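**Q**
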Amino acid sequence: MRVPFSKRVAFIASAVSIALFLLAVYFFKQPRVLAVNEVPLAFWAWRTNAPGETDVRKAFAATDAKALFLRAGQMDFENGTLQRIRPVSGALPAIVDLHLVYNATRTFLRQLETLEPKTIAETITRTYQSDLLRASQDQAQTIGLQLDFDVPSRLLPRYAEIIAALRALLPPNTTLSITGLPTWAYTKEIKDVLAGVDFWIPQCYGMKFPDHLTKEIPISSPQEVAQTISRIRQLDKPFYAGLSAYSYAILYAKDGALVELRGDLDPAWAANNSDLELVESRDFSAPSSHASEKRYVYHAKSDVVLDGLILHAGEWLVFDLPSAETLRASARAVRENAGENLLGICVFRLPVAKDETVLSLGEMVAALSDQDCLAKTELSARSVGKNQLQVRLENKGTANARLGEDALTIEMKIPPGGLKESPKTDGIASYETLCRFPGADLSLPCSQRRASELRFVARSWKPESKAVIQLRCNEICPKQIAVTVTTRVNDGRIVKEELTALIQNHGE
-15 MRVPFSKRVA FIASAVSIAL FLLAVYFFKQ PRVLAVNEVP LAFWAWRTNA
35 PGETDVRKAF AATDAKALFL RAGQMDFENG TLQRIRPVSG ALPAIVDLHL
85 VYNATRTFLR QLETLEPKTI AETITRTYQS DLLRASQDQA QTIGLQLDFD
135 VPSRLLPRYA EIIAALRALL PPNTTLSITG LPTWAYTKEI KDVLAGVDFW
185 IPQCYGMKFP DHLTKEIPIS SPQEVAQTIS RIRQLDKPFY AGLSAYSYAI
235 LYAKDGALVE LRGDLDPAWA ANNSDLELVE SRDFSAPSSH ASEKRYVYHA
285 KSDVVLDGLI LHAGEWLVFD LPSAETLRAS ARAVRENAGE NLLGICVFRL
335 PVAKDETVLS LGEMVAALSD QDCLAKTELS ARSVGKNQLQ VRLENKGTAN
385 ARLGEDALTI EMKIPPGGLK ESPKTDGIAS YETLCRFPGA DLSLPCSQRR
435 ASELRFVARS WKPESKAVIQ LRCNEICPKQ IAVTVTTRVN DGRIVKEELT
485 ALIQNHGE
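First residue of the sequence shown: -15, per this note's numbering; consecutive thereafter.
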């Protein structure tokens, strides 16, 4: 017996509806939330010099990281020649699984449509083979090649051709990966690109850039990370989630127009420069204010040079600083939305000695472990001569202070009138002498001759920061020092510590 046409149509429509429903459930259902210990960690290293073995060992031991993605140079096209420029210098790390990363100059990207994919692939392969020989001499374990080409979405088909040609030329055991822009995930061409690689690392940061002073755009936010990762999951391709832990400074003209961007400027230099006035210090807008990057705006009161950056009077210097809470919330967003194709989290960038533009290693460890940062100050004091004391404080915790006049406050009790001359300090922005008058609830400013309390202020207080105070006593110095340390942590907490230290004799 034949089924009536109308019933057949209804049956087919019902089947299609069920299929679409099941497909939607597959792609849009909330995935299982991954535990912290289920998500491996990796780092990008992005400097002109290869990181030293000490820095690599320290970071990898603290985080149990598994891989390092090392920028090995840039592909460039100049005067008809396609070549690698700015190769990384120094010995390649020999103690980690190493992926060599090649990014692209703007000149090269502008020629992407005219250059033959095979020609590009051959140049990259020759460069990689040369670096493999160098890595072998350094006893480095190189296991993969990564392309970091910020290709416009319309050129993704050409990018797919380049990757396919490159794959055919590489040794069979080479792991091939790419970084990716979040916008690519919303194109149909991305699947052809991803078909040629083993995995990719979408960068969940730097999606927009504030090209005017009035534009307040953070490098990253946990909300954007969650949205990006949810979309990436639907592509059903193994991936690392690329998260940011770096800062930058932007110089704007008097009228707010963009002048220059610097990614290597120590925020503490600006905080401690008297020619720069801090006019704004706050979180970027976010539902959870503490899980936000920090925005600091300085106004140049006069012409000033800051580590080679020339500021004229009236210009503006804006810092976008990461916070441990932002990285923590972003990592949590990854674990909640990534699903089973997640290979890990890759942090930009590896913390190394003397790089003050990234989160400290302690901050990263706390954030990626989903823990609060710890505010902890170590106090010591010793005699350094007749009636002279040296008091040292060090940030031994993982908490970073908010930049500004009240980042760190040190209140020190002394015998009334016991200070012979003004203290000498290092790492301290200012100090004042105070007295506690009868019946008064608070200590008030008074002369050095009468002072019974000293208050010191630092404008920055990162992990491993140090402050040194040298005192000359009027008569015999005390046998111990007592201080109250107040840290205004950049996650909104105010932490007070009551500390005492016995005075060590000179030479102990």
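Even glycine gets a Cβ: it sits at the ideal position worked out from N, Cα and C. Computed from a prediction, not measured in an experiment: that's the story for all the values here.
Just to confirm the assignment: which complete beta strand (DSSP E) runs, minimum length 3, are found wholly within the region 345 to 395?
**A** 361 to 369, 372 to 379
**Q** Starting from N321, trace the alpha helix (DSSP H) both ways and give me its first and last residue.
**A** 308 to 321
**Q** Within 10 Å of its beta-carbon, does F5 have 16 or more other beta-carbons around it, so buried, or fewer, so exposed?
**A** The predicted position of F5 is uncertain, since its pLDDT is 47 and thus under 50; no value can be drawn from it.
**Q** Taking the alpha carbon of S73 as the reference point, which residue from L84, N63, V318, L363 has its own alpha carbon closest?
**A** L84
**Q** Of the choices A233, W30, F92, Q218, whose alpha-carbon is the least far from that of K172?
**A** Q218
**Q** Going straight from the alpha carbon of L178 to that of D339, what length do you get?
**A** 34 Å
**Q** Taking only the alpha-carbon atoms, compute the straight-line gap between F133 and D60 and give it to the nearest angstrom.
**A** 11 Å
**Q** Which stretch, first to last residue, makes up the alpha helix (DSSP H) that contains Y112?
**A** 101 to 121
**Q** Return the Cβ separation of E309 and V17 in integer angstroms, given the expectation that the two are a contact with Cβ distance under 8 Å.
**A** Not confirmed; about 19 Å, so no contact.
**Q** Taking the beta carbon of I405 as the centre, do at least 16 other beta carbons fall within 10 Å, making it buried, or is it exposed?
**A** Correcting the residue type first, residue 405 is Glu in the shown sequence and not Ile. E405 is exposed by the Cβ-count criterion.
**Q** Using 8 Å as the threshold, is the C-beta distance between V23 and G328 below it?
**A** yes
**Q** List the DSSP bridge partners of W28.
**A** According to DSSP, W28 bridges with F53, F332.
**Q** Taking DSSP as the reference, what is the three-state secondary structure of E22?
**A** helix
**Q** Report the start-end ranges of each beta strand (DSSP E) in the region 400 to 453 that is 3 residues or longer and not cut off at the edges.
**A** 408 to 410, 414 to 419, 437 to 442
**Q** For K480, is the classification buried or exposed, using 16 other Cβ atoms within 10 angstroms of its Cβ as the cut-off for buried?
**A** Counting the other Cβ atoms within 10 Å of the Cβ of K480 gives fewer than 16, which makes it exposed.
**Q** Return the chain-ordered list of same chain residues with a C-beta closer than 8 Å to the C-beta of L7, the five sequence neighbours on each side being excluded.
**A** Only weak support is given to the placement of L7: the predicted model assigns it a pLDDT of 47, under 50, and the value that follows is read from those uncertain coordinates. Closer than 8 Å at the Cβ level, and outside the excluded window around L7, lies no residue.
**Q** Taking C-beta to C-beta, are L377 and K450 nearer than 8 Å?
**A** yes
**Q** Look up D60 in the DSSP assignment and say whether it is helix, strand or coil.
**A** strand
**Q** Any chance you could list the alpha helix (DSSP H) runs of at least 4 consecutive residues sitting entirely within the region 171 to 251, in chain order?
**A** 174 to 178, 206 to 217
**Q** Under 8 Å: do the region 251 to 265 and the region 348 to 367 share three or more Cβ pairs, one atom per stretch?
**A** no
**Q** CB-CB under 6 Å to S314, same chain, minus the five flanking residues each way: which ones, in chain order?
**A** P206, V209, L227
**Q** How big is the Cα-Cα spacing for T382 and P335?
**A** Their backbone Cα atoms lie some 14 Å apart in a straight line.
**Q** Hey, how far is the Cα of R68 from the Cα of T167?
**A** 27 Å
**Q** Indicate whether T212 and I185 have their beta-carbon atoms separated by less than 8 Å.
**A** no
**Q** Output yes or no for whether 8 Å exceeds the beta carbon distance between V288 and L260.
**A** yes
**Q** Under the DSSP definition of a beta bridge, which residues are partnered with H83?
**A** F53, G128.
**Q** In chain order, what residues of the same chain have a beta carbon less than 7 Å from the beta carbon of A337, not counting five sequence neighbours either side?
**A** D39
**Q** Tell me the DSSP secondary structure of S161 in three-state form.
**A** strand
**Q** Suppose the cutoff is 7 Å on Cβ atoms and the five residues either side in sequence are ignored; what does the same chain contact list for A297 look like?
**A** A284, K285, S286, D287
**Q** In or out: A225 buried (at least 16 other Cβ within 10 Å) or exposed?
**A** buried
**Q** Taking only the alpha-carbon atoms, compute the straight-line gap between L380 and Q187 and give it to the nearest angstrom.
**A** The sequence shown places Lys at residue 380, not Leu. Cα to Cα, K380 sits roughly 32 Å from Q187.
**Q** Per DSSP, which one or two residues make a beta bridge with C457?
**A** L403
**Q** Where does I294 land, buried or exposed, given buried means 16+ other C-beta within 10 angstroms?
**A** Per the 10 Å Cβ criterion, exposed.
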